[in-house]
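In short: position in the sequence shown from 1, add 3, done, that's my numbering.
Read the structure below first, then the notes.
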Amino acid sequence: MSRAQRAPAALRVLHVIESMVVGGAEAMVIEQVRHAAPGVESLVCALNRGGVALEAAAAHGARTFLLAKSGQHAAGLLRLARLMREERVTVVNGHNPTGGLYALPAARWAGVPVAFRTEHSVHYPGRHSRVYPILERVGTALADGVICVCQAALESHAPRMRWAASRFVSIPNGVSDYRPARSRAELREALGLTPETCAILTVGSLTRQKAYHVLIDAFAIVARAHPNPWLLIAGDGPLKGSLEARAAAAGVADRIRWLGPRTDVGDLVHAADLFTLSSEREGLSISLLEAMRGSRAAVVTRVGGSAEALVEGESGHLVPPHDPVALGQALARLALDPSRREAFGRAGRERWSLRFTAERMVRDTEALYRAALARRGHAAGAVPSQARRAHAAS
């Protein structure tokens with residue numbers, strides 16, 4: 004059936020994002036597509052690069068587009084606005100800085116009724132170029148709202164734009180349930196893990212933000228306390244060489260598995276005994292939510308939305324960033340205490356099921372869209388159940 008012959012969807016939502024390769028923002032776009040309500044048609048436009056995430060979005064029913072703007076900003080905006088008009092888009096959501104900075108002007112140019120941008124990270128000093136704050140203000144002025152993936156992100160962004168603070172809303176990230184096709188024993192065997200091994204998993208790009216140098220130093224503490232620990236690092240990036248050298252200097256190189264970028268994090272969680280993050284900053288980590296979903300205890304740094312997801316002493320431990328001793332000691336205690344790990348894991352899964360499912364996230368996001376459309380006289384909508392708005396500062 005041609006586009007002209009299809010019955011129009013109640014909502015035609017276009018997600019605009021810089022790339023659809025592998026990453027947290029990309030994963031959340033896929034979840035939005037996967038759990039879209041009946042009557043919601045999803046479209047996904049990658050500005051620069053496609054990849055496995057764009058393919059996954061298509062597999063879940065999205066119409067996908069690759070703009071390939073290649074630095075041609077004006078031409079890219081024109082093409083994006085034309086796409087919005089041709090596809091009769093009713094809602095645009097621009098993800099992260101680049102997606103938002105392109106999506107919002109194009110949406111207003113194309114006459115799209117409602118446009119949002121989503122912040123997947125906290126604000127931090129030195130973020131992007133000196134021009135970015137100006138463009139961010141323009142994007143916020145053009146937006147019906149700014150979705151932040153955790154309360155910490157909202158609290159870092161909204162105060163910087165007090166004139167628009169009421170437009171900021173927190174809708175926590177969520178992930179779908181997952182049941183591995185293979186047994187835990189099979190998955191561990193494939194990774195070369197013995198029954199006696201305590202496997203500690205971390206997931207993320209090998210970049211400064213993830214502070215893996217802190218984790219390697221912390222793991223050296225674990226290796227002195229536990230007879231057979233392994234550290235599984237899923238991710239790749241520019242710091243791999245220096246991190247391998249640090250592991251060798253710390254005497255733990257033979258106990259670290261560099262797994263590279265992976266799309267089977269659910270299986271890795273199932274195989275592991277513990278999950279950890281050493282990040283110096285985060286939004287709301289998708290891999291942490293996947294660990295909680297998989298009933299794995301976690302030790303993570305108290306940054307961004309991690310403290311909103313993990314409850315200290317109930318589903319894991321929160322430690323200060325940049326503190327390898329605190330991280331190492333917390334990991335070592337849990338590595339030596341299987342019963343505590345199991346109890347933390349059960350509590351983590353329960354908390355995930357109550358607060359951090361993909362279904363809840365998508366329901367709240369779509370309710371936000373409908374409420375905005377209703378305010379503009381397009382359609383009635385419900386108020387999101389768990390969305391939390393910022394209050395304008397006095």
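Note that the Cβ used here is the ideal one computed from N, Cα and C, for glycine as well.
None of the values given here were measured: they were computed from a predicted structure.
- Every unbroken stretch of the beta strand (DSSP E) spanning 3 or more residues and falling wholly within the region 158-182 is given here in chain order: 171-173.
- Per DSSP, L234 lies in no alpha helix (DSSP H) segment; the continuous beta strand (DSSP E) that holds it begins and ends at P232 to A237.
- Assignment of beta-bridge partners to V302 by DSSP yields T279 and H320.
- Of the residues assessed, G297 falls on the buried side of the cut-off, its CB having 16 or more other CB atoms within 10 angstroms.
- In this structure, L246 and A202 do not form a Cβ contact; the two beta carbons are roughly 18 angstroms apart against a cut-off of 8 angstroms.
- Here L334 carries a helix assignment [DSSP, helix/strand/coil].
- Check the Cα spacing between A221 and each of V55, R191, A118 and G331: the tightest is with G331.
- The residue from L190, G286 and S208 with its alpha-carbon nearest to that of W261 is S208.
- Scanning its chain for C-beta atoms nearer than 7 angstroms, with the 5 sequence neighbours on each side dropped, one finds around M164 the residues R140 and T143, in chain order.
- Going by C-alpha positions, A338 is about 51 angstroms away from P108.
- In this structure, DSSP gives A144 a helical state, which the three-state scheme calls helix.
- Contact between the region 334-349 and the region 358-365 is absent: fewer than 3 CB-CB pairs across the two stretches fall below 8 angstroms.
- Look at V43 here: in three-state DSSP terms it is strand.
- Residue pairing by DSSP puts A49 in a beta bridge opposite I20 and L69.
- Nearest neighbour of L17 by Cα position, chosen from V115, A62 and S356, turns out to be V115.
- About 17 angstroms separates the CB atoms of G79 and L46; that is not less than 8 angstroms, and the two are not in contact.
- Here DSSP, grouped into helix, strand and coil, assigns F359 to coil.
- Taking one beta carbon from each stretch, the region 305-313 and the region 190-206 have fewer than 3 pairs nearer than 8 angstroms; the two do not touch.
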